[in-house]
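Quick note: the sequence shown uses numbering that gives the first Met the number 0, first residue 0, plus one each step. Yeah, the Cβ is synthetic: ideal placement off N, Cα and C, and Gly gets one too.
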Amino acid sequence: MQSLTKGNDLHWLACALYVACRKSVPTVSKGTVEGNYVSLTRILKCSEQSLIEFFNKMKKWEDMANLPPHFRERTERLERNFTVSAVIFKKYEPIFQDIFKYPQEEQPRQQRGRKQRRQPCTVSEIFHFCWVLFIYAKGNFPMISDDLVNSYHLLLCALDLVYGNALQCSNRKELVNPNFKGLSEDFHAKDSKPSSDPPCIIEKLCSLHDGLVLEAKGIKEHFWKPYIRKLYEKKLLKGKEENLTGFLEPGNFGESFKAINKAYEEYVLSVGNLDERIFLGEDAEEEIGTLSRCLNAGSGTETAERVQMKNILQQHFDKSKALRISTPLTGVRYIKENSPCVTPVSTATHSLSRLHTMLTGLRNAPSEKLEQILRTCSRDPTQAIANRLKEMFEIYSQHFQPDEDFSNCAKEIASKHFRFAEMLYYKVLESVIEQEQKRLGDMDLSGILEQDAFHRSLLACCLEVVTFSYKPPGNFPFITEIFDVPLYHFYKVIEVFIRAEDGLCREVVKHLNQIEEQILDHLAWKPESPLWEKIRDNENRVPTCEEVMPPQNLERADEICIAGSPLTPRRVTEVRADTGGLGRSITSPTTLYDRYSSPPASTTRRRLFVENDSPSDGGTPGRMPPQPLVNAVPVQNVS
């Protein structure tokens with residue numbers, strides 16, 4: 000305990016205070032609030048610790064105070080929300096500067112009295128306003144607030160709205176970048192006049208900045224526009240509600256900016272979240288006229304707060320690696336460090352784009368070919384599969400976090416994700432069955448296709464892929480937990496899944512490999528795991544490294560296996576994403592029949608329970624015979 004509590008006592012006091020303030024308290028007018036109206040940003044400032052220090056200490060404090068799981072989940076979500084916002088802010092600045100002029104080009108304002116006519120808004124003010132509008136909207140959609148792809152598209156919607164309003168301003172040529180590729184052809188004409196309805200530049204922004212048009216337009220129609228209309232109804236935005244314009248006009252901008260800032264501040268205090276205006280490098284101030292800083296300081300110097308914020312962000316990226324894929328057992332890094340032009344956003348949108356390509360033309364039902372294949376089984380599993388998917392959809396919908404004001408949107412997202420997972424499930428199932436039929440001939444697969452564990456594991460794997468495509472680094476093991484899928488069984492379907500689907504991008508493959516290694520490392524060894532039952536059935540015997548590893552991987556056995564200690568097995572069949580064919584680069588032909596047949600097939604590579612094992616006959620160099628993993632999991636240093 001003493002080693003854990005080293006450091007500034009104020010840091011630990013801040014953790015205790017944050018926990019106390021997160022308890023729900025009743026209020027007179029607004030029901031209950033969770034943040035106790037205490038600012039997390041103020042707590043951090045008073046305790047003189049950075050965000051990354053706070054997150055690290057909170058994890059230790061949760062262990063020491065034995066805090067309940069739901070509180071730990073909130074803290075993890077808070078950190079993830081911050082990470083998503085940090086990544087998006089790094090994209091926000093260059094996109095904004097692509098659309099609008101550099102603040103350094105603005106003419107200095109003349110000081111005017113309060114009674115004189117209000118001045119048009121500046122680029123710097125629009126920059127602050129657009130970010131606050133985005134984070135306020137993002138916070139009000141908890142179902143996508145930690146979703147990198149959808150949050151990024153929400154940002155594009157905010158920029159699209161603000162750009163359309165900027166074109167309506169009388170000083171639009173002082174605001175908009177004349178080199179922006181989304182400008183209309185007559186923008187530079189002297190007698191050009193703005194159209195009554197603002198243009199939509201979603202497609203242009205997506206093409207220029209790694210967005211997905213279909214996803215962005217869906218967010219705009221189903222989330223963004225209804226939400227902005229509510230802001231007009233609540234008088235938080237002033238202007239023309241019919242076409243969502245007018246809030247940048249001199250008579251409306253000041254009050255709109257104040258109202259949005261105040262509403263966001265109340266939201267942050269009521270839920271206990273981090274004030275994400277911190278990304279602007281200063282505390283957002285209530286009076287618009289005091290916002291004098293530009294995106295980049297014109298003198299080439301930066302304020303101490305700005306430098307500190309950059310250091311905090313860099314430290315967070317370097318230490319948390321929250322949106323990167325790593326492999327805990329092997330430590331393999333499949334690709335070199337990303338080049339400057341590759342960002343977490345572009346990687347995530349690329350993964351989602353690949354998913355869309357894979358599912359193009361498919362439906363969330365078996366194809367005619369798959370229906371025919373299932374009917375040829377001695378016991379047609381079609382109806383059982385449909386009933387199982389329906390049950391799993393209901394479970395998933397219940398666990399998908401709803402939002403009070405936008406519950407229909409939350410249900411729509413849950414339905415969309417599950418629908419994509421169903422499409423992928425049927426696609427992979429058909430591919431797996433075809434591979435089995437080619438290998439086994441006309442053997443009846445009814446016994447395997449009736450196994451509930453296989454189908455639940457496969458659907459959970461598909462849903463994990465969909466979730467990861469939208470929200471890297473995924474949400475494992477949440478999906479397996481809500482479906483009550485033992486990770487021992489989930490592990491068995493991963494390699495079968497990768498082998499059956501060639502269209503997976505390498506980030507998805509690495510993610511699945513990471514999950515596999517987590518299971519091998521510790522998750523499969525939990526007390527409730529079916530693995531222990533298998534060990535008991537095998538007279539409590541576990542294999543040595545020589546029984547687990549292929550011969551070609553024991554070349555340095557004399558050097559590594561010292562005093563009889565087992566090797567730490569490396570995944571021989573790991574999918575090397577830096578090769579051409581992802582799904583075909585696996586060296587071990589593990590099949591569905593081998594993993595789910597009962598009794599299991601003959602010889603095996605990573606066998607946990609070996610009986611009369613003999614060397615395999617035939618086969619090409621570097622390839623191993625089919626392996627039953629229904630009773631096989633590599634052992635990690637078991638004595």
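Item	Value
Beta-carbon gap between proline 529 and proline 476 smaller than 7 Å	no
Alpha-carbon spacing of isoleucine 481 relative to isoleucine 412, whole angstroms	17 Å
The stretch 117-135 contacting the stretch 238-258, beta-carbon criterion three pairs below 8 Å	yes
Alpha-carbon spacing of leucine 448 relative to leucine 235, whole angstroms	56 Å
Selected residue, minimal CA-CA separation from phenylalanine 179, among Leu204, Leu351, Ser194, Asp146	Leu204
Pairwise C-alpha distance: phenylalanine 419 and lysine 172	44 Å
Per-residue DSSP class, three states only, for lysine 58	helix
In chain order, each alpha helix (DSSP H) run of at least 4 residues that lies wholly inside the stretch 190-263	201-207, 212-218, 224-232
Proximity of alanine 347 and proline 472 at Cβ, strictly below 7 Å	no
DSSP beta-bridge partners of valine 175	Phe99
Straight-line gap, cysteine 293 to leucine 174 (C-alpha atoms, nearest Å)	Annotation note: pLDDT 33 at cysteine 293 (below 50); position unreliable, no value reported.
Whole-angstrom distance between glutamate 370 and isoleucine 200, CA atom to CA atom	43 Å
Proximity of valine 212 and glutamate 202 at Cβ, strictly below 7 Å	yes
Residues of its chain near methionine 422, where Cβ-Cβ distance is below 6 Å and the 5 sequence neighbours each way are ignored	Leu358, Leu361, Asn363
Reduced DSSP secondary structure (H/G/I, E/B, other) of serine 144	coil
When Ala15, His454, Ser194, Thr40 are compared against glutamate 390, the one with the closest alpha-carbon	His454
Coarse secondary structure for arginine 362, derived from DSSP in three states	coil
Nearest to phenylalanine 53 (by Cα), restricted to the options Tyr469, Asp159, Leu77	Leu77
For arginine 21, the three-state DSSP class (helix, strand or coil)	coil
Proximity of alanine 85 and histidine 152 at Cβ, strictly below 7 Å	no
Coarse secondary structure for tyrosine 395, derived from DSSP in three states	helix
First through last residue of the alpha helix (DSSP H) which encompasses isoleucine 534	529-536
Cα-Cα separation, histidine 208 to aspartate 443	51 Å
CA-to-CA distance, asparagine 55 to leucine 457, given in whole angstroms	35 Å
Supposed close pair tyrosine 425, proline 380 - CB separation, criterion 8 Å	The pair is not a contact, with the Cβ atoms about 13 Å apart (cut-off 8 Å).
Lysine 137 in three-state terms, based on DSSP	helix
Alpha-carbon to alpha-carbon, asparagine 176 and tryptophan 11	48 Å
Entirely enclosed alpha helix (DSSP H) segments - the stretch 501-526, minimum 4 residues	505-520
Burial state of threonine 572 (16 or more Cβ within 10 Å)	Caution is warranted here: a pLDDT of 38 is assigned to threonine 572, below 50, making its placement in the model unreliable, and no coordinate value can be reported.
Under the three-state DSSP convention, the category leucine 43 falls into	helix
Identity of the residue in Tyr469, Gln450, Leu439 nearest phenylalanine 417 by Cα	Tyr469
Beta-carbon proximity check, alanine 165 vs tyrosine 226, cutoff 7 Å	no
As assigned by DSSP and simplified to three states, the class of proline 476	coil
Closest by C-alpha distance to asparagine 170, when choosing among Lys192, His127, Gly271, Gly181	Lys192
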